[in-house]
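If you're matching positions, the sequence shown starts at 182 in my numbering and goes up one per residue.
A quick write-up on the structure given underneath.
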Amino acid sequence: MAVPPDEPVVPAVQRVQLATSVPDEAQALLGQLFGTRLQVAAPEGTDWVLSLDGVDTGRFSSVRTGLPAHLQYAVGGRGEEEDFVIVAVSGGRVAFDRQQPGRRGRRVDRYLPGDVYVGNQPQALSTARTEHVLARSITLPRQVVAEAAALAGCARGPGGESRPAAVPVFTTMTSSGPEATRRWRRTTRYVDDMLTDPVVTGSPMLLAGLGRLLAGTALSVFPNTLTRTSTAQDRRDAHPQSLRRAIAFIEANPDVDITTADIARAAFVSPRAVQVAFRRHLGTTPQAHLRRVRLELAHRQLQDSAPAGSGPQGTTVAQVAARWGFTPSRFTEHYRAVYGVLPSQTLRS
182 MAVPPDEPVV
192 PAVQRVQLAT
202 SVPDEAQALL
212 GQLFGTRLQV
222 AAPEGTDWVL
232 SLDGVDTGRF
242 SSVRTGLPAH
252 LQYAVGGRGE
262 EEDFVIVAVS
272 GGRVAFDRQQ
282 PGRRGRRVDR
292 YLPGDVYVGN
302 QPQALSTART
312 EHVLARSITL
322 PRQVVAEAAA
332 LAGCARGPGG
342 ESRPAAVPVF
352 TTMTSSGPEA
362 TRRWRRTTRY
372 VDDMLTDPVV
382 TGSPMLLAGL
392 GRLLAGTALS
402 VFPNTLTRTS
412 TAQDRRDAHP
422 QSLRRAIAFI
432 EANPDVDITT
442 ADIARAAFVS
452 PRAVQVAFRR
462 HLGTTPQAHL
472 RRVRLELAHR
482 QLQDSAPAGS
492 GPQGTTVAQV
502 AARWGFTPSR
512 FTEHYRAVYG
522 VLPSQTLRS
């Protein structure tokens with residue numbers, strides 16, 4: 182496998198900053214940013230300012246929101262067009278009056294500082310009331326959640342039907358417990374830290390990986406319809422020919438963002454079947470095999486490159502890591518485990 186030529190790094194992240202007290206402006210921006218239908222209103226005479234500060238990566242957004250007033254807004258009602266919004270409250274109070282899909286009546290959920298919740302149900306229209314809220318909102322497109330579900334081996338819908346590429350449905354809006362809440366907060370802090378690194382924000386592959394990390398964490402934190410069992414058909418499809426097709430696809434596409442679902446489509450089997458095939462025949466996973474292929478190509482690139490400072494075409498370890506979809510710390514960890522030296526030592530040799 183030859184190392185493809187370097188491509189220019191193009192920033193993919195946009196900074197989101199706004200402060201407004203105009204309801205129409207707030208409604209338009211919130212709807213655009215969070216992918217949901219909002220109708221913002223405030224009591225007569227309310228003096229309020231909506232503030233937003235965060236980033237939109239094109240794959241997901243992470244935004245700190247301040248609503249220092251008593252506000253009311255409608256959320257949802259767009260069905261399958263609507264993105265998922267997950268909110269971690271750090272100040273104030275939120276109350277949701279929700280209409281439960283497929284059921285009569287409504288329920289009211291209340292959230293306080295420290296709580297984490299799914300802020301919208303795509304199939305239902307809810308009314309939210311906020312009181313001086315500070316929160317971190319993560320917006321995940323449905324496709325990103327579907328990719329994470331495929332990576333986890335989604336094989337069944339709520340009725341047991343085969344649905345490998347389906348978007349799971351969150352069955353409750355609150356996390357499954359205190360440890361799940363802490364896991365979500367740790368993950369979002371990690372992602373926010375990564376988004377301060379220009380190398381990361383300039384790498385579509387890394388940004389896609391962070392989006393799947395958030396989506397996968399959401400699926401582990403909030404109860405949902407995803408199941409991870411393999412079927413008899415999956416086990417029959419996990420034969421060597423499927424594995425060969427999957428490996429050929431990985432080796433032909435190491436420099437682009439590919440998911441387990443992509444690998445499965447290339448092998449003409451379900452995501453779960455391709456996972457079973459790799460485990461059965463190689464004792465590994467599709468993503469671990471992809472990581473090894475990329476690590477080998479990164480190793481060759483380091484061997485063939487001159488270090489930064491040695492000329493106009495100098496290369497850094499961080500650039501090589503991002504080129505092949507690794508964060509710098511994980512790249513060093515994997516590289517040293519395989520090659521016994523630091524990547525910087527290879528680059529200088």
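C-beta: ideal position from N, C-alpha, C; glycine also.
{"query": "Using CA coordinates, which residue listed in 266, 439, 498 and 487 is at the minimum distance from residue 472?", "result": "439"}
{"query": "When you compare the CB positions of residue 447 and residue 426, do they come within less than 8 angstroms of one another, or not?", "result": "yes"}
{"query": "If you follow the alpha helix (DSSP H) that residue 390 is part of, which residue opens it and which one closes it?", "result": "385–402"}
{"query": "What residues in its chain sit with their C-beta under 7 angstroms from that of residue 484, if we drop five residues either side in the sequence?", "result": "527"}
{"query": "Run through DSSP, which three-state label would residue 523 get?", "result": "coil"}
{"query": "Which residue spans inside the stretch 460–509 form an unbroken alpha helix (DSSP H) run of at least 4?", "result": "467–485 and 498–504"}
{"query": "Tell me, to the nearest whole angstrom, how far the beta carbon of residue 289 is from that of residue 276; I am working on the premise that it is less than 8 angstroms.", "result": "6 angstroms"}
{"query": "Note down the Cα distance separating residue 331 from residue 271, rounded to an integer number of angstroms.", "result": "32 angstroms"}
{"query": "Taking just the CA atoms, how far does residue 365 sit from residue 336?", "result": "With a pLDDT of 43 at residue 336, under the threshold of 50, the modelled position of that residue is not reliable, and the figure given next carries that caveat. One C-alpha to the other measures close to 24 angstroms."}
{"query": "Just verifying my parser: in three-state terms, what is the DSSP assignment at residue 308?", "result": "strand"}
{"query": "Across which residues does DSSP place residue 274 in a beta bridge pair?", "result": "312"}
{"query": "Comparing C-alpha positions only, which one of 316, 298 and 503 sits nearest to residue 361?", "result": "298"}
{"query": "Which residue's Cα is closest to the Cα of residue 368: 460, 315, 399 and 414?", "result": "399"}
{"query": "Could you give the first and the last residue of the continuous alpha helix (DSSP H) run that contains residue 203?", "result": "Segment: none, residue 203 is in no alpha helix (DSSP H) and carries neither H nor E."}
{"query": "Taking residue 403 as the reference, which of 233, 460, 464 and 351 has the closest Cα?", "result": "351"}
{"query": "Who are the near neighbours of residue 378 in its chain, counting only those whose CB is closer than 7 angstroms to its CB and skipping five residues on each side?", "result": "none"}
{"query": "Return helix, strand or coil for residue 431, following the three-state DSSP convention.", "result": "helix"}
{"query": "Take residue 291 and list the residues in its own chain whose beta-carbon comes closer than 6 angstroms to its own, dropping the five residues that flank it on each side.", "result": "276"}
{"query": "I'd like the list of long-range same chain contacts for residue 463, defined as Cβ closer than 8 angstroms, with 5 residues on each side in sequence excluded.", "result": "424 and 470"}
{"query": "What distance in whole Å lies between the Cβ atoms of residue 248 and residue 199, which are believed to be in contact at a cut-off of 8 angstroms?", "result": "About 13 angstroms separates the two Cβ atoms, so there is no contact after all."}
{"query": "First and last residue of the alpha helix (DSSP H) that includes residue 380?", "result": "379–382"}
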